[in-house]
Amino acid sequence: MPHYGIAVDTTRCVGCHSCRVACQNQQALQPDQSFNWIKEKDSGKFPAFGTEFVPLQCNQCANPPCLRVCPTGAIYTSPEGVVLVHEHRCVGCKYCMEACPYKVRHIDEHTGISVKCWFCIDLVRAGGEPACVTTCPTQVRIFGDLDDPNSNVSRFIAKHRAKPLRPDLGTRPGIFYKRS
Amino acid sequence: MQESAWGWLIVSYLFLAGAGSGAFIAAVACELLAPDWSKALARAGSLAAGPLVIIGTMCLVFDLEAGLWQPWRQIYLVSNLSSAISWGVLILSAFIPVALLYADALNEITFIGRFVKRYTRILGVVGVFLAIATAGYTGVLIAVVNGVPFWNTPVMPVLFMASAMSTGLAVAMIGAAVIDINTIRTLSNFALGHVIFLVVEGMVLMLFIFMSLTRSTEAASSAMMLISGVLSPYFWSFVVVLGILIPLILSFVEYYEYGRMPKSLVVAADLLVLIGGMSLRALIIFSGSPPQII
Chain C
516 MPHYGIAVDT TRCVGCHSCR VACQNQQALQ PDQSFNWIKE KDSGKFPAFG TEFVPLQCNQ
576 CANPPCLRVC PTGAIYTSPE GVVLVHEHRC VGCKYCMEAC PYKVRHIDEH TGISVKCWFC
636 IDLVRAGGEP ACVTTCPTQV RIFGDLDDPN SNVSRFIAKH RAKPLRPDLG TRPGIFYKRS
Chain V
439 MQESAWGWLI VSYLFLAGAG SGAFIAAVAC ELLAPDWSKA LARAGSLAAG PLVIIGTMCL
499 VFDLEAGLWQ PWRQIYLVSN LSSAISWGVL ILSAFIPVAL LYADALNEIT FIGRFVKRYT
559 RILGVVGVFL AIATAGYTGV LIAVVNGVPF WNTPVMPVLF MASAMSTGLA VAMIGAAVID
619 INTIRTLSNF ALGHVIFLVV EGMVLMLFIF MSLTRSTEAA SSAMMLISGV LSPYFWSFVV
679 VLGILIPLIL SFVEYYEYGR MPKSLVVAAD LLVLIGGMSL RALIIFSGSP PQII
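Just so you know, the sequences run in chain order C and V. The opening position of the first sequence corresponds to residue 516 in the working numbering, with each subsequent residue numbered one higher. The opening position of the second sequence corresponds to residue 439 in the working numbering, with each subsequent residue numbered one higher.
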C-alpha cells in the first residue's frame, strides 16, 4: 500500500486561492466552508520585506492527536495513511478540534459531524490526485507516495529538505513544506 | 484563526462537575470526620452534588452536534479508552448514581434510601474516590490536549481539583444556610477549610501562570492574555480579587470571630468563591490559543 503525502513549495504560491475553490467544488462545500486555507506570514522590514503564502490543510499525521482523543473511535487511519472519519460514529464533541495543533477541523453545520480534508480519497483510489493538487496554476503541491523513494514527492522532499509544520509536536505529518 | 471550539456550555460543565464533586467530598468529610459540627452541611452537600453534576453532564450533551440530534450515536462514546472523554463518561456514569444514592441514604428521602441506610459510610467512601476522579478528570480532559499548549500541563488537574474543593465547600455552606439558617454559627468551623483551600488554589494558580510564562511561546501568550492582555480585567477582578482574596479575608475573619460575623457576609464569601471558580474555568478555556504553526 502506498503512503500518500503532499510536498508544498511555498516559494511558488501566489495566494490565488484556486485550491480552496477547487476543494469547495469537489467536496460540495458552502462558500464559507473550507478544507484548506492559505496562511500569510509577513517577514522582514522595509525595504526588504515580503509575504509568504503557506497553504494549509489536514496534515494526515501518522500519529494523529485527533485520533487519540476521539471518544467514539470515529477517526481512523486508512491503509493509504489518510486520516478519515466514520460519519455514523462521530457525535460532534469537538475534542478533535481542540486536540489538532493545526486547527484544520471544523463541524459541518448540516450533519453536525467533524469534517476535514481527506485527500479526495475517492479520486485518488480511482487513480487521480486531490483537487487542490491538480487545480493549482503554479503547481505548488506535489502529490504522491511517500514510501516510494523514486516518486516525485519523495524526490522533491529529499532534494529541498522539505519539512513538515512543527515536527517537534510529534504528530509526524504527511505534508512537507519547502519554505522560503 | 479560530476561537476555541468549546464555549460556555463546556465551561459550565467544568464548573458544575467540580462544584458538585467538591460538595460531595465536603459532605462526606463533614459526616465522617465531624458529625457533631453540622448535620445541615453534610445534608446540603450531599443533596447538591448529584443534581449539579447532572446539570453539568446535560451541558456536555447539549454541546454535542450530531450526537444531540441523533442521540443513539452516544453509545459509541466509550469506544476509545485512550480518550479522556471516554473515561469521563465512565466516571460520570458511576459517580452520579452513587452521589444520588448517598444523598438518599443520608437524608432518608425514599424507601431505597432507607434500605441502603446501613451502607451510607461505604457509599460515602466509594463516592469520594469517584468525586476525586470527576473533579480531577475535568482538568485531565483539557490537560491532554496538545492543540492548546496553555492547557497541556500536569498542573491543570491539580488546579481544577483545588478549585473544585473550594467551590464544593462553598456550595455545601450556602446549602446549609438555606436548609437551616441557625446553623450558620457552626459554619464558622468550616471557614478554616475555606482558608486552606483558597490558599492552595491561589498558590497552584500562581504556579500555573508562572510556569506557563516560561513553558512555550504559545503558553506564555495565553498567560500574558490573562495577566496583562485583553482578559486581564476579568482575571484580576473576578478570579484573583473577588474569587480568592476577598473570600479568603472573609473566611479568616469568620474563623476568628467565631459565629459573630453577619450571616449575609458568610453567604457572600461563598457566593464569591463560586463566581471565582466559574470565572477561572471560563478564562482558562477562552485564553487557550493554538500553537504557532507557520
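Yeah, the Cβ is synthetic: ideal placement off N, Cα and C, and Gly gets one too.
Original post:
Excluding five sequence neighbours on each side, which residues of the same chain lie with their C-beta closer than 6 Å to the C-beta of glutamate 469/V?
Top reply: Looking up residue 469/V in the second sequence gives position 31. Cβ within range, chain order: Ala480.
Subject >> Contact set for serine 533/C: own chain, Cβ-Cβ below 7 Å, skip 5 residues either direction >> reply: Within the first sequence, the letter at position 18 stands for residue 533/C. Cβ-Cβ distances below 7 Å link serine 533/C to Thr650, Cys651 and Pro652 in the same chain, with the five nearest sequence neighbours on each side left out; the list follows chain order.
Original post:
When the Cα of glutamine 730/V is compared with those of Pro688/C, Leu684/C and Gly689/C, which residue comes out closest?
Top reply: The sequence position of residue 730/V within the second sequence is 292, counting from 1. Residue Leu684/C is the option with its Cα nearest to glutamine 730/V.
**OP:** Decide if serine 558/C is buried, meaning its Cβ has at least 16 other Cβ atoms within 10 Å, or exposed.
**Re:** Residue mapping note: residue 558/C aligns to position 43 of the first sequence, counting from 1. The residue is exposed, with fewer than 16 neighbouring Cβ atoms inside 10 Å.
**OP:** Return the first residue and the last residue of the beta strand (DSSP E) that glycine 520/C is part of.
**Re:** For the purposes of this step, residue 520/C is taken as residue 5 along the first sequence, with counting starting at 1. Segment 519-524, the beta strand (DSSP E) holding glycine 520/C.
**OP:** May I ask you to list, following chain order, the residues of the region 662-690 of chain C that have a beta carbon less than 7 Å from some beta carbon of chain V?
**Re:** Correct list: Leu680, Arg681 and Leu684.
Original post:
Which of the three DSSP states, helix, strand or coil, is assigned to proline 664/C?
Top reply: Here residue 664/C refers to the residue found at position 149 when the first sequence is read from its first residue. Proline 664/C: coil per DSSP, three-state reduction.
Subject >> Own chain residues within Cβ distance below 7 Å of serine 626/V, not counting five before or after >> reply: Locating residue 626/V in the second sequence gives position 188, where the first residue counts as 1. The answer, listed in chain order, is Glu692, Tyr693, Tyr696 and Gly697.
Subject >> Residues sharing a beta bridge with threonine 592/C, DSSP >> reply: Along the first sequence, one-based indexing puts residue 592/C at 77. Answer is Val598/C, bridged to threonine 592/C.
Original post:
Taking DSSP as the reference, what is the three-state secondary structure of histidine 632/V?
Top reply: Position 194 of the second sequence, counted from the start, is the residue given in the question as residue 632/V. The answer is helix: DSSP assigns histidine 632/V an H, G or I state.
Original post:
Nearest chain V C-beta to alanine 522/C closer than 8 Å, yes or no?
Top reply: Residue mapping note: residue 522/C aligns to position 7 of the first sequence, counting from 1. For alanine 522/C, the answer is no, since every Cβ of chain V falls outside 8 Å of its Cβ.
**OP:** Quick one: which residues of the region 604-637 of chain C get their C-beta closer than 7 Å to a C-beta of chain V? List them in chain order.
**Re:** Answer in chain order: Arg604, Cys605, Val606, Gly607, Cys608, Lys609, Tyr610, Met612, Glu613, Ala614, Cys615, Pro616, Tyr617, Lys618, Ile622, Thr626, Gly627 and Ile628.
Original post:
Can you tell which of Val648/C, Pro579/C, Phe568/C and Val630/C has its C-alpha closest to the C-alpha of alanine 543/C?
Top reply: The count along the first sequence starts at 1 and reaches residue 543/C at position 28. The residue with the shortest Cα to Cα distance from alanine 543/C is Val630/C.
**OP:** Within the same chain, show all residues whose beta-carbon is closer than 7 Å to that of alanine 720/V, passing over the 5 residues directly before and after it, in chain order.
**Re:** Here residue 720/V refers to the residue found at position 282 when the second sequence is read from its first residue. These residues qualify, in order along the chain: Val449.
**OP:** Kindly indicate if chain C contains any beta-carbon less than 8 Å away from that of tyrosine 451/V.
**Re:** In the second sequence, residue 451/V corresponds to position 13, counting from 1. Chain C, which has no Cβ nearer than 8 Å to the Cβ of tyrosine 451/V, makes this no.
**OP:** Go through its chain and collect everything with a Cβ distance to lysine 693/C's Cβ below 6 Å, but skip five positions before and after it.
**Re:** Along the first sequence, one-based indexing puts residue 693/C at 178. Closer than 6 Å at the Cβ level, and outside the excluded window around lysine 693/C, lie Asp524, His675 and Ala677.
**OP:** Flag glycine 467/C as yes if its beta-carbon sits less than 8 Å from any beta-carbon of chain V, otherwise no.
**Re:** Past the boundaries of the shown model lies residue 467/C; chain C is included only from 516 to 695, so the question cannot be answered.
**OP:** Provide the residue(s) that pair with tyrosine 692/C in DSSP beta bridges, ordered along the chain.
**Re:** Within the first sequence, the letter at position 177 stands for residue 692/C. In the DSSP output, where bridge partners are listed per residue, tyrosine 692/C has Val523/C and Lys678/C.
Subject >> Members of the region 509-520 of chain V near chain C, C-beta cut-off 8 Å >> reply: Arg511, Gln512, Tyr514, Leu515, Val516, Ser517, Asn518 and Ser520
Original post:
Can you give, in chain order, each stretch of the alpha helix (DSSP H) that sits fully within the region 540-612 of chain V and has at least 4 residues?
Top reply: 549-553 and 558-581
Original post:
So leucine 502/V and glycine 607/C are in contact, right, with Cβ under 8 Å, and what is the actual spacing, rounded?
Top reply: Counting from 1 along the second sequence, the entry for residue 502/V is found at position 64. Counting from 1 along the first sequence, the entry for residue 607/C is found at position 92. Right, their Cβ atoms sit about 5 Å apart.
Original post:
Should the region 525-541 of chain V be regarded as contacting the region 565-579 of chain V, the criterion being three or more beta carbon pairs within less than 8 Å?
Top reply: yes
Subject >> Close beta carbons around valine 655/C, own chain, < 8 Å, minus the five adjacent residues each side >> reply: The count along the first sequence starts at 1 and reaches residue 655/C at position 140. Same-chain partners within the cutoff: Val523, Asp524, Thr525, Arg527, Cys528, Cys534 and Pro570.
Original post:
Which partner residues of lysine 554/C appear in the DSSP bridge assignment?
Top reply: The residue given as residue 554/C occupies position 39 in the first sequence. DSSP lists Val569/C as partners of lysine 554/C.
Subject >> CB of glycine 689/C within 8 Å of CB of tyrosine 519/C, strictly >> reply: Along the first sequence, one-based indexing puts residue 689/C at 174. Along the first sequence, one-based indexing puts residue 519/C at 4. Result yes, Cβ atoms of glycine 689/C and tyrosine 519/C sit closer than 8 Å.
Subject >> Limits of the unbroken alpha helix (DSSP H) element including phenylalanine 453/V >> reply: Counted from its first residue, the second sequence places residue 453/V at position 15. Per DSSP, phenylalanine 453/V belongs to the alpha helix (DSSP H) from 446-471.
Original post:
Rounded to whole angstroms, how far is the Cβ of isoleucine 580/V from the Cβ of methionine 603/V, which I believe are closer than 8 Å?
Top reply: Numbered from its first residue, the second sequence carries residue 580/V at position 142. Numbered from its first residue, the second sequence carries residue 603/V at position 165. Wrong, their Cβ atoms sit about 18 Å apart, outside the cutoff.
Original post:
Under 8 Å between C-beta atoms, does isoleucine 534/V make it to chain C?
Top reply: Position 96 of the second sequence, counting from 1, holds the residue named residue 534/V. Isoleucine 534/V does not count as touching chain C.
Original post:
Is the Cβ of arginine 656/C closer than 8 Å to any Cβ of chain V?
Top reply: To locate residue 656/C, count along the first sequence from 1; it is residue 141. No - not a single Cβ of chain V is within 8 Å of the one on arginine 656/C.
Subject >> Beta-carbon spacing of cysteine 632/C, cysteine 573/C below 8 Å >> reply: Looking up residue 632/C in the first sequence gives position 117. Looking up residue 573/C in the first sequence gives position 58. Yes, the pair counts as a contact, with Cβ atoms nearer than the cut-off.
**OP:** Would you mind reading off the limits of the alpha helix (DSSP H) that contains phenylalanine 393/V?
**Re:** Past the boundaries of the shown model lies residue 393/V; chain V is included only from 439 to 732, so the question cannot be answered.
Subject >> Alpha carbon of threonine 566/C to alpha carbon of alanine 614/C, nearest angstrom >> reply: Working through the first sequence from its first residue, we reach residue 566/C at position 51. Working through the first sequence from its first residue, we reach residue 614/C at position 99. So the two alpha carbons sit approximately 29 Å from each other.
Original post:
Is the beta carbon of valine 554/V sitting closer than 8 Å to the one on leucine 561/V?
Top reply: Position 116 of the second sequence holds residue 554/V. Position 123 of the second sequence holds residue 561/V. Going by C-beta atoms, valine 554/V is nearer than 8 Å to leucine 561/V.
**OP:** Indicate whether the contact test is met: 3 or more Cβ pairs, each with one atom in the region 579-589 of chain C and one in the region 660-676 of chain C, closer than 8 Å.
**Re:** Fewer than three beta-carbon pairs drawn from the region 579-589 of chain C and the region 660-676 of chain C are found closer than 8 Å, and the two stretches are therefore not classed as touching.
Original post:
How would you call aspartate 662/C, buried or exposed, if buried means at least 16 neighbouring beta carbons within 10 angstroms?
Top reply: Translated into positions along the first sequence, residue 662/C becomes position 147. Exposed.
**OP:** Quick one: which residues of the region 494-505 of chain V get their C-beta closer than 9 Å to a C-beta of chain C? List them in chain order.
**Re:** Within the region 494-505 of chain V, the residues whose Cβ lies closer than 9 Å to some Cβ of chain C are Leu498, Asp501, Leu502, Glu503, Ala504 and Gly505, listed in chain order.
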